[in-house]
Structures are given as structure tokens and as C-alpha cells.
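Below is one structure, written out as C-alpha cells, with a few remarks after it.
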């Protein structure tokens, strides 16, 4: 079964309708976006909708929304990530549930996908915190490889609403066409499910077999996209 995941808690209020169509929530932990109250309200909304809760740690970069690689030193980054996961875990455990997964945000996600040694350092810390946490990661990446080597469960991810390069990286958001509109996103998922592939901006085909599909809550028309994807799945 392919699960739908969505980045949440990055603004003051989510459309409550969105929660009906997703399986996994990646909740911002206060560094790139969110705050304690937003995190707690998002946790409550997830529990009411039966959505599994994951941490979405990022760089300490609220002005840039965590989309610029800050080059944070490894040990500092390790501490910052544990700090964020721990904060969300406290809110979740206060409501008698546990975190389900971790998905890194923005530039941090891409840095760990391409840096094996750093990914291993960070994921060892995640494992020490809770070895049951699943890791959402790009397929065939340093992040997914190091997670598996450490015995962590991996959910390989494909993005429903983002354009891809042929090497499997995402097209930068400042490029035209980087974010797919509603019909294009649904067509993307349809092709993934039917043919196991994604068309890249270079005109080549990328083979994929994701365990989860990502939607961003700030994508225009996200509720309609999520509804359409749920029908396909």
C-alpha cells in the first residue's frame, strides 16, 4: 500500500479537509516553521483524523523557510535535530501516542540525501532516540542506504507535486514549472501507479517504486489534489 504524506504545521491553520486524504503528517518542529502551539494543534488534528504523526525537522531558518543549505557543523546539526524531534515527541506522548516517522525538511533533506557520512551521523542519533522511527527518504540515496544499514525502516518517497531532474533531485522552486498544478500532480501519481516511472524535465524517465507519496500543504489546490490521489490509490 502506498501512503500519502504531507508537510503540516508550517502555517497557522491547515484546511481541516486535507486531513481526510492523507496517511502521514510531517509536522514542522519550530526551526524552519511552526511553534509550540501550532505543533500541538496539528497533533490534535492528526489524532482526530487518524493520521500518523512524524517529525519534520529543518534548519534554523524561519526567514528562508529552511530551503537554503546553511552548512551547519555536523555535531551542531545533530543536537538541533534531536532538539526538534524531542519537542514534538513531548507533545505527542502527552496525548498517549508515539511518533511514527521522521522526514527532514527542505535543504536539510537534500543535504542528507547526498552526504553519506552526515546522514549516518544524524540517523545514528535518531536510532538512539527511538529505533522504531521510520525514515522517509529519496530512493537510492545516502539517506536511505545509511538508514537501512543502521536497521531503521525506510519509506522511499516520491513527490506528487514537484518536478524532477533525471538524477532524481527536485527542480529548484524558483524555476518555472517546479511545482506541479492539480491535474499535473494527479497525472504524475497515475503514471507512478501504472508504470512505475516519473517524467523528468530533461525528457527522460525515472524509475520509481515509492512506499509513500509527498504533497506539500502550500501547493495551490492541495485538497483537491489529495482527494484525486486518494481516489487513485
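Residue numbers (the working numbering): 191 to 423. Ideal Cβ placement from N, Cα and C applies to all residues, glycine included. Since we're looking at a predicted model, the values are computed, not measured.
- In the three-state DSSP reduction, residue 231 falls in the helix class (H, G or I).
- A direct Cα-to-Cα measurement between residue 387 and residue 397 gives close to 4 Å.
- Of the other Cβ atoms in all chains shown, fewer than 16 fall within 10 Å of the Cβ of residue 254; this residue is therefore exposed.
- Counting along the chain, the unbroken alpha helix (DSSP H) around residue 319 starts and ends at 306-319.
- Under DSSP, residue 324 takes part in a beta bridge, and its partners are 291.
- Here DSSP, grouped into helix, strand and coil, assigns residue 241 to coil.
- DSSP, read as helix, strand or coil, puts residue 392 in coil.
- According to the DSSP assignment, residue 282 belongs to no beta strand (DSSP E) but to the alpha helix (DSSP H) extending over 264-283.
- If only complete runs of 4 or more residues are kept, the region 328-409 shows the alpha helix (DSSP H) at 332-339 and 372-385, in order along the chain.
- Taking the CA atoms as reference points, residue 346 sits about 10 Å from residue 324.
- When the five nearest sequence neighbours on each side are left out, the beta carbons in the same chain lying within less than 6 Å of the beta carbon of residue 205 are those of 413, in order along the chain.
- Beyond the five residues adjoining it in sequence on each side, residue 334 comes within less than 7 Å, by CB distance, of 327, 328, 344 and 346 in the same chain, given in chain order.
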